[in-house]
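*Asks:* The following block contains the structure, expressed as structure tokens.
Number of protein chains: 2
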Amino acid sequence: MSEKIAVCVISGGMDSALSASIAKLDGYKIIGVHFNYKQRTEKKELESFRKVIKELGVIKEYEIDLNFFEQIGASALTDNSIEVPVGGVEDGVPITYVPFRNGIFLSIASAIAEKHNATALYIGVVEEDSSGYPDCRSNYISSMQNAINLGTKDETNIEIKMPLVNMRKSEIVSSSILLSVPLEYTWSCYKSEDEACGICDSCRLRLNGFKMANQIDPIKYKDDINVTC
Amino acid sequence: MSEKIAVCVISGGMDSALSASIAKLDGYKIIGVHFNYKQRTEKKELESFRKVIKELGVIKEYEIDLNFFEQIGASALTDNSIEVPVGGVEDGVPITYVPFRNGIFLSIASAIAEKHNATALYIGVVEEDSSGYPDCRSNYISSMQNAINLGTKDETNIEIKMPLVNMRKSEIVSSSILLSVPLEYTWSCYKSEDEACGICDSCRLRLNGFKMANQIDPIKYKDDINVTC
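Protein sequence lines, in the order shown, are assigned to chains A and B.
With the first letter of the first sequence counted as 1, position 108 gets the number 107 in numbering that gives the first Met the number 0; the numbers rise by one all the way through.
With the first letter of the second sequence counted as 1, position 168 gets the number 167 in numbering that gives the first Met the number 0; the numbers rise by one all the way through.
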């Protein structure tokens, strides 16, 4: 039997690192795909990706530059004139939403999957306990899988797996520890690349996950906010 | 009533030029989007796009660089080590198929549409009388529309229009002439940027369309193949 190959979208954050570790546990050889999309913490996330895939072991890696996200903008992550909110996670789609980002990522990852005859594509989307991005919802991902299989060769069959979609952040933390995901290498902060700010939505969700799991986040936060959160 | 905006994917070829002209006829203001994806005739197609949108009149234009297509390759259009076939259009998916190219294009165009509150997205796919690419089939495009609307904000509603999908190439030629599409500026050849080769699948389909429509293609072909085809 030929080997099972999965394309894993790996941002360098906690969620995608766990998602890729689950792919490995599921018996897949991993192709790691990372996107540089002119987000504020592009450099740090790329560094995290490289460390994560080194620990994980991959058969191939793609670092894909998507500079055009800057041309589109319309998000606090890709347009420096829009401030990253730090007041706490609110209802609705936040200004950090990057228009159809996961649609673009999944489309490119599918092209890579088709090239390498991969049969699975792992993405670390989280629906609950998340920022409320529409492109992280499971009904969207399922629909996208359907579109991808219609828009590629008949012999290409890609299953999009989203093992974290219904997990709470605390479960993500515990599962990551269980699977020895190198959380110390992962990066979630939207704002900073040296010390995590601790107050953007992404830091808040991460810190809350560690707190609920009774764990200490190994990464460095500004003013040691981690300890007092 | 606010103005109707459509994002039109315009490659610089005959089909997308007509598709965008139909969008205009349908009463939309046009945002023209062009992709440079490291295809062999990138420079010529960009030049054609610029001429076409100048004639068409657009409210905004995006020229998007997608250099990563070269990293993926796997197509005669994006990998120079694979020859462009010149023996005639055959059944099956040809080696000029670029993995999930239209999926990637539609995803990016959707992000642009969401930013600008556009309600339509025009793409010049042709299902019959075509090269047999899976990402040009109407069932794929419809499914992709569904995915896009699930993966974007609730208030974003994008209809993907494919006015040419069931047209023969000869109808595309006649309709283009009827709508004064500047066919002399369009480019279809897969291989060359100075004079069209006349023998790649794309040239063959185009020339056949002109022949069946009893028209003469205004662009220049190598060895004046146009005249004798």
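Ideal Cβ placement from N, Cα and C applies to all residues, glycine included.
Given the structure is predicted, the values throughout are model-derived calculations rather than measurements.
In this structure, what does DSSP give as the bridge partners for B/N35?
*Replies:* Counted from its first residue, the second sequence places residue 35 of chain B at position 36. According to DSSP, which records beta bridges pairwise, B/N35 is partnered with B/D64.
*Asks:* I need the straight-line Cα distance from A/C196 to B/A16, nearest angstrom please.
*Replies:* Against the first sequence, residue 196 of chain A aligns to sequence position 197. Against the second sequence, residue 16 of chain B aligns to sequence position 17. Going from the Cα of A/C196 to the Cα of B/A16 covers about 48 Å.
*Asks:* Going by Cα to Cα distance, which pick from A/K50, A/I111, A/E46, A/I159 is closest to A/Y61?
*Replies:* Residue numbering aside, residue 61 of chain A sits at position 62 when the first sequence is read from its first letter. Comparing Cα positions, the closest option is A/I111.
*Asks:* Can you give me the C-alpha to C-alpha distance between B/D164 and B/M143, rounded to a whole angstrom?
*Replies:* Numbered from its first residue, the second sequence carries residue 164 of chain B at position 165. Numbered from its first residue, the second sequence carries residue 143 of chain B at position 144. Here residue 164 of chain B turns out to be Val, not Asp, going by the sequence shown. If I take the Cα positions, the gap works out to 15 Å.
*Asks:* From which residue to which residue does the alpha helix (DSSP H) around A/E44 run?
*Replies:* For the purposes of this step, residue 44 of chain A is taken as the residue at position 45 of the first sequence. Run containing A/E44: 41-55, per the alpha helix (DSSP H) assignment.
*Asks:* Helix or strand or just coil, what does DSSP make of A/C7?
*Replies:* On the first sequence, residue 7 of chain A is found 8 positions in, with the first residue counted as 1. Residue state, collapsed to three classes: strand.
*Asks:* Should A/P217 go down as buried or exposed, given a rule of 16 or more other Cβ atoms within 10 Å for buried?
*Replies:* Numbered from 1 along the first sequence, position 218 holds the residue referred to as residue 217 of chain A. It counts as exposed.
*Asks:* If we call anything under 7 Å between Cβ atoms a contact, is A/C199 one with A/V88?
*Replies:* If you number the first sequence from 1, residue 199 of chain A lands on position 200. If you number the first sequence from 1, residue 88 of chain A lands on position 89. In this structure, A/V88 does not lie closer than 7 Å to A/C199 by Cβ.
*Asks:* Which word fits B/D90, buried or exposed, when buried means at least 16 other C-beta atoms lie within 10 angstroms of its C-beta?
*Replies:* Residue 90 of chain B sits at position 91 when you count from the first residue of the second sequence. Exposed.
*Asks:* Leaving out the 5 sequence neighbours to the left and right, which residues in its chain are closer than 6 Å to B/L149 when beta-carbon positions are compared?
*Replies:* If you number the second sequence from 1, residue 149 of chain B lands on position 150. Nothing listed; no residue qualifies.
*Asks:* Using a Cβ-Cβ cutoff of less than 8 Å, which residues in the same chain neighbour B/H115 once the five nearest sequence positions on both sides are dropped?
*Replies:* Position 116 of the second sequence, counting from 1, holds the residue named residue 115 of chain B. Cβ within range, chain order: I4, V6, I30, K59.
*Asks:* Using the DSSP secondary-structure output, state which residues sit across from A/L182 in a beta bridge.
*Replies:* Within the first sequence, residue 182 of chain A is the residue found at index 183, counting from 1. According to DSSP, A/L182 bridges with nothing at all.
*Asks:* Can you have a look at B/K53 and say buried or exposed, based on whether 16 or more other CB atoms are within 10 angstroms of its CB?
*Replies:* For the purposes of this step, residue 53 of chain B is identified with residue 54 of the second sequence, where counting begins at 1. Looking at its Cβ environment, which holds fewer than 16 other Cβ atoms inside 10 Å, B/K53 is exposed.
*Asks:* For chain B, check one thing: does any of its Cβ atoms lie closer than 7 Å to the Cβ of A/V6?
*Replies:* On the first sequence, residue 6 of chain A is found 7 positions in, with the first residue counted as 1. For A/V6, the answer is no, since every Cβ of chain B falls outside 7 Å of its Cβ.
*Asks:* If you follow the alpha helix (DSSP H) that A/I157 is in, where does it begin and where does it stop?
*Replies:* Taking the first residue of the first sequence as 1, we reach residue 157 of chain A at position 158. Here A/I157 belongs to no alpha helix (DSSP H), and DSSP marks it neither H nor E.
*Asks:* Could you check the C-alpha separation between A/Y189 and A/K160 for me, to the nearest Å?
*Replies:* On the first sequence, residue 189 of chain A is found 190 positions in, with the first residue counted as 1. On the first sequence, residue 160 of chain A is found 161 positions in, with the first residue counted as 1. Spanning the two alpha carbons is a distance of roughly 25 Å.
*Asks:* Run through chain B and tell me which residues come within less than 7 Å of A/K114, C-beta to C-beta.
*Replies:* In the first sequence, counting from the first residue as 1, residue 114 of chain A sits at position 115. Those within 7 Å of A/K114 in chain B are I71, A73, P98.
*Asks:* If the cut-off is 7 Å on Cβ atoms, which residues from the segment 141-152 of chain B count as contacting chain A, listed in chain order?
*Replies:* The segment 141-152 of chain B vs chain A, Cβ under 7 Å: S142, M143, N145, A146, I147, L149, G150, T151, K152.
*Asks:* For A/P133, go through chain B and note every residue whose CB falls closer than 9 Å to its CB, in chain order.
*Replies:* Position 134 of the first sequence, counting from 1, holds the residue named residue 133 of chain A. The answer, in chain order, is L149, G150, T151, K152, D153, T155.
*Asks:* Here's a check: name, in chain order, each residue in its chain whose Cβ is nearer than 8 Å to the Cβ of A/S141, leaving out the five neighbours to either side.
*Replies:* As a working mapping, residue 141 of chain A is identified with position 142 in the first sequence. These residues qualify, in order along the chain: I159.
*Asks:* Would you call the CB atoms of A/S10 and A/E46 closer than 7 Å?
*Replies:* One-based indexing of the first sequence puts residue 10 of chain A at position 11. One-based indexing of the first sequence puts residue 46 of chain A at position 47. The answer is no: Cβ separation not under 7 Å.
*Asks:* Which residues in chain A sit within 8 Å of B/Y36, going by Cβ to Cβ distance?
*Replies:* As a first step, residue 36 of chain B must be located in the second sequence, where it is residue number 37. Here the premise fails: no neighbours, minimum Cβ distance about 11 Å.
*Asks:* Consult DSSP for A/A195 and reduce its assignment to one of helix, strand or coil.
*Replies:* On the first sequence, residue 195 of chain A is found 196 positions in, with the first residue counted as 1. Note: A/A195 maps to strand in three-state DSSP.
*Asks:* For B/H33, which residues from the same chain have a beta carbon less than 6 Å from its beta carbon, with the 5 sequence-adjacent residues on both sides left out?
*Replies:* Position 34 of the second sequence, counted from the first residue, corresponds to residue 33 of chain B. Hits under 6 Å: I9, F48, E62.
*Asks:* Give a yes or no on contact between the segment 165-181 of chain A and the segment 202-215 of chain A, applying the rule of three or more CB pairs nearer than 8 Å.
*Replies:* Touching, yes, given that three or more Cβ pairs across the two stretches are closer than 8 Å.
*Asks:* Output needed in chain order: residues of the segment 40-57 of chain A with a Cβ under 9 Å from some Cβ in chain B.
*Replies:* Listed by position, the residues of the segment 40-57 of chain A near chain B (Cβ gap below 9 Å) amount to none.
*Asks:* Can you tell me the Cα-Cα spacing of A/K28 and A/L182, whole angstroms?
*Replies:* Residue 28 of chain A sits at position 29 when you count from the first residue of the first sequence. Residue 182 of chain A sits at position 183 when you count from the first residue of the first sequence. Cα-Cα distance, rounded: 21 Å.
*Asks:* Strictly under 7 Å for the Cβ-Cβ distance: is A/G31 near chain B by that measure?
*Replies:* Counting from one through the first sequence, the residue named residue 31 of chain A turns up at place 32. Taking Cβ atoms only, chain B never reaches closer than 7 Å to A/G31, which makes this a no.
*Asks:* How would you write the range of the beta strand (DSSP E) that A/Y27 sits in, first residue to last?
*Replies:* Within the first sequence, residue 27 of chain A is the residue found at index 28, counting from 1. That residue, A/Y27, is in no beta strand (DSSP E); it is neither H nor E in DSSP.
*Asks:* Say whether chain A places a C-beta atom closer than 7 Å to the C-beta of B/Y121.
*Replies:* As a first step, residue 121 of chain B is located in the second sequence; it is residue number 122 there, counting from the start. With 7 Å as the cut-off, B/Y121 does not count as an interface residue toward chain A.
*Asks:* Between A/E194, A/A212, A/S187, which has its C-alpha nearest A/R203's C-alpha?
*Replies:* Numbered from its first residue, the first sequence carries residue 203 of chain A at position 204. It is A/S187.
*Asks:* Inspect the beta-carbon positions of A/V51 and A/Y184 and report whether they are closer than 7 Å.
*Replies:* Here residue 51 of chain A refers to the residue found at position 52 when the first sequence is read from its first residue. Here residue 184 of chain A refers to the residue found at position 185 when the first sequence is read from its first residue. A contact, by the Cβ cut-off of 7 Å.
*Asks:* To which residues of the same chain is A/E69 closer than 7 Å at the C-beta, ignoring the five residues directly before and after it?
*Replies:* Walking along the first sequence from the start, residue 69 of chain A turns up at place 70. If we look at A/E69 and ignore the five residues flanking it on each side, its Cβ neighbours are K37, T77.
*Asks:* Just verifying my parser: in three-state terms, what is the DSSP assignment at B/K59?
*Replies:* Within the second sequence, numbered from 1, the residue matching residue 59 of chain B stands at position 60. Reduced to three states, the DSSP call for B/K59 is strand.
*Asks:* Please report the distance separating the alpha-carbon of B/I94 from that of B/D134.
*Replies:* Within the second sequence, numbered from 1, the residue matching residue 94 of chain B stands at position 95. Within the second sequence, numbered from 1, the residue matching residue 134 of chain B stands at position 135. Looking at the two C-alpha atoms, the distance is approximately 14 Å.
*Asks:* Who pairs with A/L120 in a beta bridge, going by DSSP?
*Replies:* Mapped onto the first sequence, residue 120 of chain A falls at position 121. DSSP lists A/V6, A/I159 as partners of A/L120.
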